[in-house]
Amino acid sequence: AQAGDLLAVERNTDAVADLAVNLHDFDNVAVYEGDVEAILPLLPVDAHLLVAHPEASGLSRKAILAIVAAKPERIIYVSSDVATLARDGRSLSQQGYSLIEVQPIDMLPQTFHIETVSLWERNGR
Numbered sequence: 004a005q006a007g008d009l010l011a012v013e014r015n016t017d018a019v020a021d022l023a024v025n026l027h028d029f030d031n032v033a034v035y036e037g038d039v040e041a042i043l044p045l046l047p048v049d050a051h052l053l054v055a056h057p058e059a060s061g062l063s064r065k066a067i068l069a070i071v072a073a074k075p076e077r078i079i080y081v082s083s084d085v086a087t088l089a090r091d092g093r094s095l096s097q098q099g100y101s102l103i104e105v106q107p108i109d110m111l112p113q114t115f116h117i118e119t120v121s122l123w124e125r126n127g128r
């Protein structure tokens, strides 16, 4: 089975270049450089799944509104700060999403740093 289309929005120029190289062989991938707040509303999005991995400061209010407007059935939110995950999770809940699962992951062994991966599902989907 083939996956559907993948749209990536990334503001870091180096990361965009890496994505272009690593995903070059896939014809169902489009990479956009810029802030999700500005780019996502311009895309023809019918997302089943949206993955967000913001900086430690979390998602801006405009980013959350852009994500919710895309109406993904599910959101995977990868966070490096549980405080911003809690803040943004509250916003997602207020916008009609329910937390399904949370999993801490030690992506940087031998450090205190823990990433938290959470799965959110749109209510009434």
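Numbering (this note's numbering), first residue to last: 4 to 128.
A virtual CB, placed ideally from N, CA and C, is assigned to each residue, including glycine.
These numbers come from a predicted model, not from an experiment.
Proximity to residue i [Cα-Cα], best of the options
i    : options               : result
P47  : E58, Y35, P57         : Y35
G26  : E40, D8, G37, L43     : Inspection of the sequence shows that residue 26 is occupied by Leu rather than by Gly. The candidate whose alpha carbon is nearest that of L26 is D8.
V32  : A11, Y100, G92, L62   : A11
L102 : E118, L111, E76, D109 : E76
G127 : I79, D28, Y100        : Y100
R125 : L53, A6, V85, Q113    : L53
I42  : L68, A23, R93         : L68
H56  : F115, V85, V24        : V85
Q106 : V24, Y80, P44         : Y80
G92  : F115, A66, T114, P44  : A66
E40  : Q5, E58, F115, R64    : R64
R90  : S60, I117, L111       : S60
Same chain only: Cβ atoms within 6 Å of residue i, ignoring 5 sequence neighbours per side
i   : result
Q98 : V71
E13 : V19
L88 : S82, T119
A50 : A73, P75
Beta-carbon proximity list for residue i, same chain, < 8 Å, skipping 5 on both sides
i    : result
E104 : S121, L122
F29  : L9
8 Å contact criterion, which residue i and residue j should meet: CB distance rounded
i   : j   : result
L62 : I78 : L62 to I78, Cβ: 10 Å. No contact.
Cutoff 9 Å: residue i Cβ touching any chain D Cβ
i   : result
L22 : In the displayed structure, chain D is absent; only one protein chain is listed.
Any beta strand (DSSP E) of 3 or more consecutive residues that is wholly inside the region 47-79: 52-55
Contiguous alpha helix (DSSP H) assignments of at least 4 residues, all confined to the region 5-31: 16-25
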